[in-house]
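Chemist: Residue numbers (our numbering): 272 to 945.
We put the beta carbon where it would ideally sit given N, CA and C, even for glycine.
All values reported here derive from a predicted model rather than from experimental measurement.
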Amino acid sequence: MVARFGIDDVRPQVSGRTLPSKAVVGEVVPVSALVWREGHDAVAATLVITSPDGEQYSVHMHPEPYRPDYVHSVFVPDEQGLWQFRVDAWSDVMATWRNAVTKKLAAGQSAAELANDLAHGIELFTAATEQTPAPDAAVLSDAASALADDSLPLQQRVEAGLSEDVLDVLAAYPLRDLVSHGPVCDVLVERREALVNSWYELFPRSTGGRDESGAPVHGTWATTAQALDRVAAMGFDTVYFPPIHPIGEVNRKGRNNSVTAAPGDVGSPWAIGSKDGGHDAFHPELGGEEEFLDMLHHADQLGLEIALDFALQAAPDHPWAEDHPEFFTVLADGTIAYAENPPKKYQDIYPINFDNAPETLYDEVYRVIMYWVELGISTFRVDNPHTKPVNFWHWLIAKVHETHPDVIFLAEAFTRPPRMYGLSKAGFSQSYTHFTWKVSKEELTDFTQLLIDVADVSRPNLFVNTPDILHASLQQGGPAAFALRATLAATISPLWGVYSGYELYESIPVHGGSEEYMDSEKYQLRPRDFEAALERGQSLEPYLTLLNRIRREQPALQQLRQIRFHEATNDQIIAYSKVDAVTGNAVLVVVNLDPWHMQEGMVHIDAASLGLDHGEPFPVHDLITGDRYTWNEHNYVQLVPQQNVAHIFRLPEVAPERREALAYRQISDHDYRP
């Protein structure tokens, strides 16, 4: 059915409102719509918001200065659950009246010629008075009285209905006519950690140190707990463990992914399952459930959340291979197919076939994940979810959330954008991205703009490295490359992550042209002496700690939907800003993308995007060095990578009346919708 007024292009919405868009508690959610009507009378809009408990409230929507006929507003959800909103369009009879009488007055029309307009104004103000509570109703009643008082000069009679006091009351209690209701849109609001989080990845088995002969010792849950102290001191929020289950012995991989394992080789944690159990069991050398719970308790005391890897695949000697052969693909020769990603072969892993016995498989997977949830795990990093059916993930995540809505699922999906966004729509709270391969200014700018375009449904976790990804920029860039990549990741997205060893500048590939680490921790124990490196001044740990502290203290770096790039005359310098619409906090980041050479140039600031007045100087405080400067719209920058790879400037707080427009301006620049 066509409504009285047009209400089109309502945002945010996902897949024609068949799935909810996303937000977290405390996040600014910008809402916009294209609202139109026939003729020349004024049309206005109201945003109607319904909380999960059914409480409803409304806020006025403002005409957008950047696109004609669009209106926008924002809301900030304060609890988890399914929120709803709709946009109502209505005839703004008061605005239509004001427009008519001001034009006629400007044209010199007399009181007699304006008699009908005055009478209509009295009717409108009387109706508005009746719906407005005291004491504001008196302001409108006085305006109606002035319009009716023919002893007053015409200008004075009309101005009584145009005063700022009147406009303020009407903004709070508008007189709405011919109200049209727009479509109801859903917003799934998750806990804040789904959006604002710093991740650190470590292998528990590598925390055992070395024995007297220098040989690595397999870690335990006790040594893992000790390792968490350092991670917490760096300011990370979540510690992610690769699979902690028994590792298969059949076709076990050796060091550096060699096909044959030597005696004592520990194998890949992703080859899950052996005679000691499967996905619901602990690797025997780490310890059992009681020791694991002790480690979880220690993590909780440190303010850390533990994330587990959820990899749906099995080693050839996994209990499923014997008990549930229907979970796998059996080849013509009667063998079970192992995993391949040509040219890579994973002879130690059987991929799951989700179509052979879906009911049995689904129930078993749900049983396994709920075992860990009930132990206290509320975050999972899911391995290669894009190689499994998306409807399975939608079912599993929804079922888990029925009883445990706090559980966060991170998709490790380095794949094509439609698959990545499809997984986000299916319920994943976060996603890995292609950030590690974006190194030039143009690549980073385009990549970041795309993140904003899909922020209604997809939250990017910018890992700087992983056990599988040692990018050439880190292999060749020296310590400054590690610092600048960390700066970019920590400030572009509220979600970022580091794989252990990054702070030690580990950069040696297994061979030229490879992104695999030499002596990869995926296939062997890798104890590290972080303390010795720190004492030698050969550690990035202090800088990572500083970045995490800055992120915690600057609300602008805790939001995703708004980022603005500023012109820098040097292609090796990138500049961008973020503003938090709740607090007015504003941050400007300037990074030297060249890890070897000093770079300099002019940075031209878009003052309006930062709530600043055109042409006025403003103070900036460098949160890295502590230095303070006075800037204007055109500034010279010089960054020497051996001294400092970036500026992170705290800017003047944005005035309250300018914040909402800045929160929405970024969205209005883009039209991509997944």
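1) Please name the residue, chosen from D580, T403, P813 and D893, that lies closest to E774 on a Cα-to-Cα basis.
2) Tell me which same chain residues have a C-beta within less than 8 Å of the C-beta of L828, skipping the five on either side of it?
3) Could you tell me whether the Cβ atoms of P890 and N856 are closer together than 8 Å?
4) Leaving aside the five residues before and after A366 along the sequence, list all residues of the same chain whose C-beta is less than 8 Å from its C-beta, in chain order.
5) Compare the beta carbon distance of P888 and N903 with 8 Å and say whether it is the shorter of the two.
6) Just confirm the distance between the C-beta atoms of E683 and V653, as a whole number of angstroms; I'd bet it's less than 8 Å.
7) State the DSSP-derived secondary structure class of G317, mapped to helix, strand or coil.
8) Can you tell me which of the three DSSP states T509 falls into?
9) Start and end of the alpha helix (DSSP H) containing M691?
10) So, using beta-carbon positions, are A757 and L681 closer together than 8 Å?
11) If we ignore side chains and look at the alpha-carbon of each, how far apart do V861 and M869 end up?
12) Which ranges would you report for the beta strand (DSSP E) in the stretch 307-371 if only whole runs of at least 3 residues count?
13) Check whether the stretch 473-486 touches the stretch 794-809, taking contact to mean three or more Cβ pairs, one atom from each stretch, closer than 8 Å.
14) My assumption, with CB atoms under 8 Å, is that T321 sits in contact with M332. Please give the rounded CB distance.
15) My understanding is that W591 touches F581, with C-beta atoms under 8 Å, so please give their C-beta distance in whole angstroms.
16) If you follow the beta strand (DSSP E) that D893 is in, where does it begin and where does it stop?
17) Identify which residue in D800, A879 and N736 has its Cα closest to the Cα of W470.
18) Going by other Cβ atoms of all chains shown within 10 Å of its Cβ, with 16 needed for buried, is Q914 buried or exposed?
19) Quick one: grab the DSSP three-state call for V861.
20) Contact between the stretch 350-370 and the stretch 334-341: three or more CB pairs below 8 Å?
21) Since L1024 sits in a beta bridge, which residues does DSSP pair it with?
22) Buried or exposed for H941, please, with buried defined as at least 16 other CB atoms from any protein chain shown within 10 angstroms of its CB.
23) In or out: N863 buried (at least 16 other Cβ within 10 Å) or exposed?
24) Have a look at F356 and R638 and give me their C-alpha separation to the nearest angstrom.
25) Consult DSSP for M873 and reduce its assignment to one of helix, strand or coil.
26) Tell me whether the beta-carbon of L575 lies closer than 8 Å to the beta-carbon of V644.
27) If we call anything under 8 Å between Cβ atoms a contact, is A926 one with G882?
28) Give the DSSP-derived three-state secondary structure of I723 in the structure shown.
29) Please report the distance separating the alpha-carbon of W708 from that of L745.
30) Work out the CA separation of R930 and D421 for me, nearest whole Å.
31) According to DSSP, is S880 part of a helix, a strand, or is it coil?
32) Where are the beta strand (DSSP E) runs, 3 residues long or more, that stay fully inside the stretch 552-638, in chain order?
33) Per the DSSP calculation, Q909 is bridged to which residue(s)?
34) By Cβ distance, which residues of its chain are closer than 7 Å to V410, with the 5 residues on each side in sequence left out?
35) By DSSP's criteria, H837 is part of a beta bridge. Which residues make up the other side?
36) Using the rule of at least 16 other Cβ atoms within 10 Å of the residue's Cβ for burial, across every protein chain shown, is A932 buried or exposed?
Modeler: Straight from the coordinates:
1) Ranked by how close their Cα comes to the Cα of E774, the residues D580, T403, P813 and D893 have P813 in first place.
2) Once the five neighbours on either side are set aside, the close Cβ partners of L828 are A761, T762, P765, I821, R822, K849 and V858.
3) Taking 8 Å as the Cβ cut-off, P890 and N856 do not qualify as a contacting pair.
4) Here A366 has A313 and A315 as same chain residues with Cβ atoms under 8 Å from its own Cβ, once five neighbours each way along the sequence are excluded.
5) Taking 8 Å as the Cβ cut-off, P888 and N903 qualify as a contacting pair.
6) The pair is a contact, with the Cβ atoms about 6 Å apart (cut-off 8 Å).
7) A quick correction: the sequence has Thr, not Gly, at residue 317. The answer is strand: DSSP assigns T317 an E or B state.
8) Strand, per DSSP.
9) Run containing M691: P688 to A697, per the alpha helix (DSSP H) assignment.
10) The beta carbons of A757 and L681 sit no closer together than 8 Å.
11) Within the model, the alpha-carbon separation for V861 versus M869 is close to 14 Å.
12) Listed in chain order, they are 314-321, 327-331, 341-346 and 352-363.
13) Because the criterion of three Cβ pairs below 8 Å is met, the stretch 473-486 and the stretch 794-809 touch.
14) With a Cβ gap of about 16 Å, T321 and M332 do not count as contacting.
15) About 15 Å separates the CB atoms of W591 and F581; that is not less than 8 Å, and the two are not in contact.
16) For D893, the enclosing beta strand (DSSP E) covers residues F889 to D893.
17) Of the residues D800, A879 and N736, the one whose Cα lies closest to the Cα of W470 is N736.
18) Result: exposed.
19) If DSSP states are grouped into helix, strand and coil, V861 belongs with the strands.
20) Two segments are said to touch when three or more pairs of C-beta atoms, one from each, lie closer than 8 Å; by this definition the stretch 350-370 does not touch the stretch 334-341.
21) The structure shown does not extend to residue 1024, since the chain spans only 272 to 945, so no value can be given for it.
22) Low local confidence applies: a pLDDT of 43 at H941 is under 50, so the model's placement there is unreliable, and no value is given.
23) It is buried - the Cβ of N863 has at least 16 other Cβ atoms within 10 Å.
24) Using only the alpha carbons, I get a separation of about 35 Å.
25) In the displayed model, M873 falls within a strand according to three-state DSSP.
26) Contact: no.
27) Taking a C-beta distance under 8 Å as the contact criterion, A926 and G882 qualify as a contact pair.
28) Three-state DSSP puts I723 in a helix.
29) The alpha-carbon atoms of W708 and L745 are separated by roughly 11 Å.
30) So the two alpha carbons sit approximately 43 Å from each other.
31) Helix at S880.
32) Counting only runs of 3 or more, we get 576-581, 610-612 and 615-617.
33) Within the DSSP bridge table, the entry for Q909 names E871 as partners.
34) D436, V437 and V440.
35) Answer by DSSP bridge pairing, in chain order: A846.
36) Result: buried.
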